[in-house]
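Below is one structure, written out as structure tokens; the observations come after it.
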Amino acid sequence: MARKEYSFYPGCSSERKASASNYMVSVESMCKTLDVKLNEIPDWNCCGASIGYAEGGELPRHIMNARNIAISEKENPGQDIVATCAACWLGTKETQERITHSGELLADVNEILKEAGLKYEGKQPVRHMVEVLIEDLGYDELAKPVKKPLEGIKIAGYVGCQTNRPFGVLGESFENPKYLDKLTETMGATALDKYEEKVTCCGGALAFSEPDKSYVQIKKIIESAYDHGADMIVTPCPVCQMNVEVYQGQINKKFGTKFNIPVMYYSQLMTVAYGGSAKEAGLDGNIIRATKLEEIAAKK
Amino acid sequence: MADIKIGAYICKGCGIGERLDTAQLTLIAQKEGKAQVVREHEFLCNQSGVELIKNDIANEGVNHVVIAACSRRSKAETFNFENVAISRANLREGVIWITPADEDKKEIVQEMAADYIRMGCAESAKMQIPRTNPNLGNNKRLLVVGGGITGLTAAIEASKTGYDVLLVEKSASLGGWAAKLHKRVPDREPYAEPMDTGIADLIKKIESDKHIKVNLNSTITKTSGAPGQFSVDISTESGSTATENVGGIIMASGFTPYDMNKLPYLGAGKSKDVVDQLGLEELAHAANGGPIKRPSDGKEVKSVVFVQCAGQRSDKEGELPYCSGHCCNTSVKQAMYFRNQNPDIDTNVIYTDLRTPGNGEDFYRSAQNKGVIFTKGKVNEVTTGSAGLEVKFKDLILNEDVVAKADLVVLATGQVANSGIDMEAQLLAEAAAAADDKAAKDAGEAAIERVEKPKGVSILNLTYRQGPDLPHLKHGFNDSHFICFPYETRRTGIYSAGPVRRPMDMAQAIEDATGAALKAIQAVENASLGRAAHPRSGDLSFPEFRREGCTQCKRCTVECPFGAIDEDEARYPVFNESRCRRCGTCMGACPVRVISFENYSVDTVGSQIKNIDFPDQFSEKPRILVLACENDAYPALDMAAMNRFQYSAFTRVVPVRCLGSINTIWVTDALNSGYDGVILMGCQKGDNYQCHFVRGSALAHERMSKIDDTLKQLSLEAERVKTYEVAITDIERAPALINEMAETIQKIGLSPLKF
Amino acid sequence: MTDLNKAMVETYRNDFLKEVEANVEEGNWVKMCMQCGVCSGSCPFGPDWEHPPQEIFAMIRAGKRDEVLKSESMWMCTSCYNCIVRCPRELPITHIMHGLANYAHRLGIAPKMNPTRRFAKIFWDNIAKSGRVNELELSIRLYFMNGFMKGIKTGLEMLPVGLGMLKTKRLNPFGLFAHGGIKRKGELHKMLKKAYEIEDKRKGFAK
Amino acid sequence: MTDVVATNETILVVGGGISGMTAALEAAECGKDVVLVEKNPSLGGRVNQLYKYFPKLCHPTCGMEINLRRLRANKRIRVLTLSEVKTITGKPGDYTATITISPRYVNENCTACGECEKAVSTEITNPYNYGMDKTKAAYLPFAMAYPPRYVIDPSLIGTPEAEKAKAACKYDAIDLGMKEETINFKVGAVVWATGWKPYDAAKIQPYGYDRYPNVITSVEFERLMDPFGPTGGKLVRPSDGKEAKNVAFIQCAGSRDRNHLKHCSRICCMASLKQSTYVREKYADDANVSIYYIDIRAIDRFEDFYKKIQADPKVKFIKSKVANITVDKEGNPILHGVDTEGYHRYDNSHDLVVLAIGMEPSVDASRIMPGVKADASGFIDIHATTEAVFGAGCASNALDVNRSVQSATAGALRAIQVINRVSRAEA
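Top to bottom, those sequences are chains E, U, F and V.
Just so we're aligned, residue 0 is where the first sequence starts under numbering that gives the first Met the number 0, counting upward by one.
Just so we're aligned, residue 0 is where the second sequence starts under numbering that gives the first Met the number 0, counting upward by one.
Just so we're aligned, residue 0 is where the third sequence starts under numbering that gives the first Met the number 0, counting upward by one.
Just so we're aligned, residue 0 is where the fourth sequence starts under numbering that gives the first Met the number 0, counting upward by one.
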């Protein structure tokens, strides 16, 4: 019996051989160490993401999320729904909020869910993994398993948008959230005390459709990290991770910069700090290798 | 008047004992100051010190006390004895704190202290304990002028407090404009819906209140007298006139809506379907919850445009420069009339700045929530097109010229105060007519004699020498000029309230009326005790004049900032003590120095100026006289002392009630008797004057501007006399000005008149 | 002009605000804007907006139907939610922008070539089909949405990215065939169909 | 033990700012007995911390001097400083007020000679200057403090410094043994005038008040102009003492905002217009002022003042709620946003940013006592209040000085009405 159990919503990008598969790997190791059990929602579907609006409209978009919630309530009763992906978390939470505030929507949703013999109750809180870490366990608990403090590593805590706005993490400010820094400090690393682009938007889905405009954003995010001497960037969001990491080459080409900074997930840092191997931390999943982390991971 | 027995008490505390030779000061008090009792004390303001004084008063018959210690501004409560004339010699802030402790300065510092002892005793000798005003008025009934929401509130509140009220309303019914409103802007949570005006209940209350006597169809044709003893002629339309006596007056004559026919470019007068806000209230009244119909053809209004700031906040000739404050909330309310009745009616409010302060913000939000559209734009023209009215405006957000069609257009016009005749303004107007400034000023003064038939309709018809109504402040409103003292009018015992004072809405008018009621009550209470009103509240002294000396020149009547002084048939001044604010401007104005107050007179000040020791011309010790306003300049010097800023030990400072009370003859006397320089320190004058007696500082500057000729006659340099505006915050500047004078004297040498 | 669009113009005449309130997600908030502009200033793609949100609200009130619905502006929304959290009137601006874009798209008057509109459609089709994102299919379709040659070009530009993802096993080369999506696809399709029916009924899209 | 003579014909005035002083003086000058309770060591309140008033640009201490003279001359007012109302029980016309008085450690003997201040070296942050500088732990709150009596900061008690202060006093005015005391007395009616406090600027995160030293509040800006303030009257910015010649004012900082204060604080527009003249006063033509606003609310004749400032070429008005602030390497705040009059994007650099901070009541009215109702913003709702507790000034609404004084005068009359009912009943 694990000390905590959650109904888990991994999201598309976390699938094997998908863009955030390494996130998933590290989350699994992290949770193992923390003795947190994640019960995947059976046959979960895509959240529709924010970009889903254009074709999806309102109801169809909500239905995608309502289905997941309904399945979760049926299969993993009494458990909070936990997502690791910012977009999944936001999409699901948004749907839940909207339904709680609209009887009409609730009726529609349930009428539609009948098609699949499902029912929406909306009793399970929808939470992001970092909320679980911070609120249910707390920094002290998170510090306990640290075997290899990430000493000497300077980290830019890039929070981005969707874990931060509009809901955000309890007690954190939209403009200057501190939880990611606290998290990295807890792992023994050094968080940048100044990082102006902490909550700057990476362009999100528009990195696909409007790459050039997004590059401008991403460039700011990376530049500021460099300016303050960061060794790597850490983020809680797969979209941010992907956009900030994989386009560095394009940006270098476009702006003549020489960016080559690793962009990690908090769960990767934690796994390494907890003594996990490079593999367990999914470090091999990063295009720009975090050599400093790999060294620590390699240390016996 | 009992014999004066002066007791002088010299404190040695706070370093006075260490810095000064108090024994010598004692001698001076005895020999020169003629103090019968003189005592030194280690620490005068502590219990034993105060007991000492009390004991002398009780057992030694001391009735004039000179406290030689700290500034008159400190320990005032401690050194406060009943029925005793008190003078203060300022040895701490005035001497030891502003001079260096160096040995070589000891002599001049001691001289400074000695002079303050002389001055204190001299003042005391000339002072009298005020026996209160002989012409008390005990009438405590209040006259309320105007039966609108302001007047009704003032009346009911005064009655609730236990005072009788006489209410005069020129129209045939009570309620004023408020009674014509369909609903009012909410003044309570949740600030979301128009609410009942409540005026009907209020009128009922008034009519059933036996302490309130209502006169309808009545105007005031004559007001004379003073607080506690006003006599008022009330005339009815029918022509009958009754005389009533009251103690205090609340002027709540309200406003007249700006005449929208002056705005033809906004369609006013051209189409029946262009109305002002009061016009819309009538339509709403008529509709009484049903669909509002437009005047032209009775068609149900389907679209309405509200034009904010119509003829207001404008530089155009004949339009109002100010903002009437309530109109944004009023349009919000009126737009709700439409949306609440039928949510499909287009309601568009076109504004430049939407002004809904305080919780009005909730009301604004509520209107938006009801679908009222607010457009930031500037309306240029309203025309009558085939399909109805067309409002041509510039959309300031989308930055383009637009035309909005509407069945009805509401012009948010402003409030014009019913404030009567502003004599001063008319005088200045005449004055301005004259060519250059000098001439203009003379003309202005001369004109006071002339304006017998002032233009306009008076509200109060005061028989006062200085005009029939309260002076206006700005734009025809007679608001107070003082931010800290919003009720201070320039006619004692007469307080204005409501939109006659400042454009305002009902909620503010009600609050204002309640405050004004207190002030009027306060005025009658103090009048009955012979006490002065603000700012010298409680002062029991009052002006008197030596009839045989008076030349009937009328300077006093002309210059009294409060119109307190009239003239009798023989053209002698009549002081109306209860109207007087005790500033002493009349005293300063009098060329023959016949006007005085018991505790503040030509003598009390003059003797202080004279009674100092003038060293011979060879000693190279100049003397500088500083006459300082007791409210601003004197505190500034005190605070300079607290910061240990130094100024010349040759200075002798005399506090005055107001610069206006300074008689130029003091200055010439001072120079004659051997002062080398004279400085006057008063408050800011001009449009933003800070003088709490309104004209005092300005008058002093005027008078002093003429002193140069006198100086020439005395063959003295003009630099020897300076008049400054000094603010209470000029803590560094005030001492600097004194030191400047000291240097000047160093340069030009001691006064030749010392010889 | 599409029939649907004609129909809407008919129904609402010149009252565009009413149309927006009825048919656009969170459209009934538009009237609450007080034109402070904090949203316009907060948008990361702000400079790329021809008409920033607050101006769009003003335009809606001013009845500028075509300018609004045919605008590229709403398609610049990156869903960063800066505007929402700063709005002093608590308008759900992000959703209103999404709603306007969706509405224009449904009416068939949204800018045809707008890349975000087209990507959004591809994305939705992608997930609606299998229930989950197939990233490879998604990116390939995206690259080729502007035609074959352009697609090759974009593909080549993006090659390093793709290879990187491939090397790190974050892209499945066989995804096009192997990727399964969810099991109960039929069930999802039925639900979506129903959802569209209801939404169209509510928004008067139903023929 | 402090003894207070009071009866159920006495009026209790809570708060010694301009509203409380006015209510007390107006009532006393009508012949009523008043107890005036102030929690700070001196009367004067917030207006005293202002450099100038709008629209006259005169100095608040001028009116303060007059009010203090009225106070000194009036035996009917009993002033209790460092005192707070704990409870008020009873019914209209017959209340018992319980007041706790914190020790000042200085008694009536104090002559304000300043020897104790010279004697001690310990410094404390200076509340009078909103913590922008320090003051000695034995201090006179400000030059015109009333009562004009020094204060020993509690932090000094038990330290040798305290003994030094005591030793320096020749008049036995320092009593280190003073303890907090609690007293009760009867009153007939209460005027509640506890005033306002500036909204916590740190909560307005996009403006980074908690992160950027060169973003300050309007109340702090007033202190910079005081020759005896934290900068000695120099208009310089906190980060590096650089002259603040290019100053931005951000209106509605907290006000008119559902995320902060839902009401409009009324004074802020005029305050910024006024403060723009400070910058001009200090730097003449080198001054540059930008005012970022939603609506300029300069009602009645204040409009004249607005017009005057509008005509000043050195003052720019930008219709925009600033989106957020960043800082450049030199620490210059950069304001980002959109001028909505025709859509102009800006990223403007300034030397100093002043937040025209909103007003909230210092005391949530709903906490005063049962029967006193607060509106949603915490102001006293006079219509819903059933007790003889009358709101005055900013405890009842967001008001400017002039309207606060009106409100206080009205409040005084309402209290007098209760008192007169009592005395009539007893007569």
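Cβ atoms here follow ideal geometry from the backbone N, Cα and C, with glycine treated the same way.
A quick note: this is a predicted structure, and the numbers were derived from the prediction, not measured.
In this model, Thr234 of chain E and Glu72 of chain E are separated by some 29 Å (Cα to Cα). Scanning chain F for C-beta atoms nearer than 7 Å to the C-beta of Arg344 of chain V yields Gly45 and Pro46, reported in chain order. By the neighbour-count criterion, in which a residue is buried when 16 or more other Cβ atoms sit within 10 angstroms of its Cβ, Thr131 of chain U is exposed. At a cut-off of 9 Å, the C-beta of Ser78 of chain F has a neighbouring C-beta in chain E. Classified as exposed, Ser120 of chain V has fewer than 16 neighbouring CB atoms from the shown chains inside 10 Å of its CB. At a cut-off of 9 Å between C-beta atoms, Pro205 of chain V counts as an interface residue with respect to chain E. Membership of Trp191 of chain V in the beta strand (DSSP E) is indicated by the continuous run Ala188 to Trp191.
For Thr86 of chain V, the closest Cβ of chain U is not nearer than 9 Å. Boundaries around Met358 of chain V are those of the beta strand (DSSP E), Met358 to Pro360, since no alpha helix (DSSP H) includes it. Lys212 of chain E has a beta carbon lying within less than 9 Å of a beta carbon in chain F. Under the three-state reduction of DSSP, Ser385 of chain U is assigned to coil, being neither helix nor strand.
Secondary structure note for Ile121 of chain F: its alpha helix (DSSP H) is the uninterrupted segment Pro114 to Ser129. Here Gly238 of chain U is exposed. Its C-beta has fewer than 16 other C-beta atoms within 10 Å. For Lys111 of chain F, no alpha helix (DSSP H) run applies, since DSSP gives it neither H nor E.
Between the alpha carbons of Asn67 of chain E and Asp209 of chain V lies a distance of about 41 Å. Apart from sequence neighbours up to five positions away, the residues of its chain that approach Asn323 of chain V with a beta-carbon distance below 6 Å are Pro205 and His335, ordered along the chain. Residues are counted here when their Cβ sits less than 9 Å from a Cβ of chain V; for the segment 156–175 of chain E these are Ser172, Phe173, Glu174 and Asn175, given in chain order. With respect to the 9 Å criterion, Tyr162 of chain U and Val523 of chain U are classified as neighbours on the basis of their beta carbons. By the 16-neighbour rule on beta-carbons within 10 angstroms, Glu59 of chain U is exposed. C-alpha of Ile356 of chain V to C-alpha of Gln250 of chain V: approximately 8 Å in a straight line.
In the DSSP assignment, Ile173 of chain V is bridged to V:Val105. Taking a contact as a CB-CB distance under 8 Å, the pair His471 of chain U and Asp421 of chain U counts as one, their CB atoms being some 4 Å apart. One thing to note: Pro320 of chain U has its Cβ no nearer than 9 Å to the Cβ of Asp374 of chain V.
For Phe541 of chain U, no beta strand (DSSP E) run applies, since DSSP gives it neither H nor E.
Contact with chain U is absent for Leu99 of chain F, since none of that chain's Cβ atoms lies less than 9 Å from the residue's Cβ.
Sequence-distant partners of Phe258 of chain E (beyond 5 residues in either direction) whose C-beta falls short of 7 Å from its own C-beta, in its chain, are Ile221, Gln247, Ile250 and Asn251. Boundaries of the alpha helix (DSSP H) harbouring Met164 of chain F: Phe147 to Lys166, taken from the DSSP string. Residue pairing by DSSP places Lys221 of chain U opposite U:Asp232 in a beta bridge.
Pairing Tyr723 of chain U with Leu736 of chain U gives a Cβ-Cβ distance under 9 Å. Ser39, Gly40, Ser41, Gly45, Pro46, Pro51, Gln53 and Glu54: these are the residues of the segment 38–72 of chain F whose beta carbon lies less than 7 Å from some beta carbon of chain V, given in chain order. For Arg45 of chain V, there is no enclosing alpha helix (DSSP H), since its DSSP letter is neither H nor E.
For a Cβ distance threshold of 7 Å, residue set Val37, Gly40, Ser41 and Arg85 of chain F lies close to Ala322 of chain V, ordered along the chain. For Glu20 of chain F, no chain V residue has a C-beta closer than 7 Å to its own C-beta; the minimum C-beta separation is roughly 20 Å. When Cβ-Cβ separations below 9 Å define contact, His335 of chain V makes contact with chain F.
In the DSSP assignment, Asn171 of chain F falls outside any beta strand (DSSP E), carrying neither H nor E. DSSP places Ser39 of chain F within a helical segment (H, G or I) once states are collapsed to three.
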